[in-house]
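Student: Numbering (UniProt numbering), first residue to last: 1 to 131. All C-beta atoms, glycine included, are put in the ideal place defined by N, C-alpha and C. These figures come from a predicted structure and were not determined experimentally. My questions all concern the structure below.
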């Protein structure tokens, strides 16, 4: 009996195959991605996995998931910082207030941060349309 090759290449479709048992299966590899994602990107990934599995799998299999999540995370963080600074300015929460009444300053800043988080979650993390 003829010994089968461990790896073969099919010129008609350009795929490599590996011998597993008695069958040749396509030797497919996903591209390696090493984009770090932060808090917002992780939350959006969980949302996609749970509520949009088809879109999640499409991004994952096309090799664009980590880049997409890193971009979303960066956009969300920039938007969050902008919203916090705008709310601070609108509500006159300054360093002077921090020196005079630090407890009031902490309460106000916590309120601003929570409201800004809700805006980011609704606009970007849970309401973001995919490309």
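1) Need the endpoints of the alpha helix (DSSP H) that residue 29 sits in, please.
2) Within 10 Å of its beta-carbon, does residue 40 have 16 or more other beta-carbons around it, so buried, or fewer, so exposed?
3) Does the stretch 75-89 come close enough to the stretch 118-127 that 3 or more CB-CB pairs lie under 8 Å?
4) Which residue marks the beginning of the beta strand (DSSP E) containing residue 16, and which one marks its end?
5) Looking at the strands, I want to know which residues DSSP matches up with residue 10.
6) Starting from the C-beta of residue 7, find all residues in its chain whose C-beta is less than 8 Å away, skip the five residues before and the five after it, and write them out in chain order.
7) So, at 8 Å on beta carbons, what are the nonlocal neighbours of residue 131 in its own chain, with the 5 sequence-adjacent residues on each side left out?
8) Pick out the complete alpha helix (DSSP H) segments inside the stretch 31-65, 4 residues or longer, and give them in chain order.
Tutor: Quick answer:
1) The residue you call residue 29 lines up with position 29 of the chain shown. Per DSSP, residue 29 lies in no alpha helix (DSSP H) segment and is marked neither H nor E.
2) As a first step, residue 40 must be located in the chain shown, where it is residue number 40. Classification of residue 40: buried, given that the 10 Å Cβ count is 16 or more.
3) yes
4) For the purposes of this step, residue 16 is taken as residue 16 along the chain shown, with counting starting at 1. Residues 15-20.
5) By 1-based counting over the chain shown, the position of residue 10 is 10. Answer is 15.
6) Translated into positions along the chain shown, residue 7 becomes position 7. So the qualifying residues of the chain are 16, 17, 18, 19, 27.
7) For this step, residue 131 is matched to residue 131 along the chain shown. Bear in mind that the predicted position of residue 131 carries a pLDDT of just 48, short of 50, making it too unreliable to give a figure here.
8) Listed in chain order, they are 39-51, 53-62.
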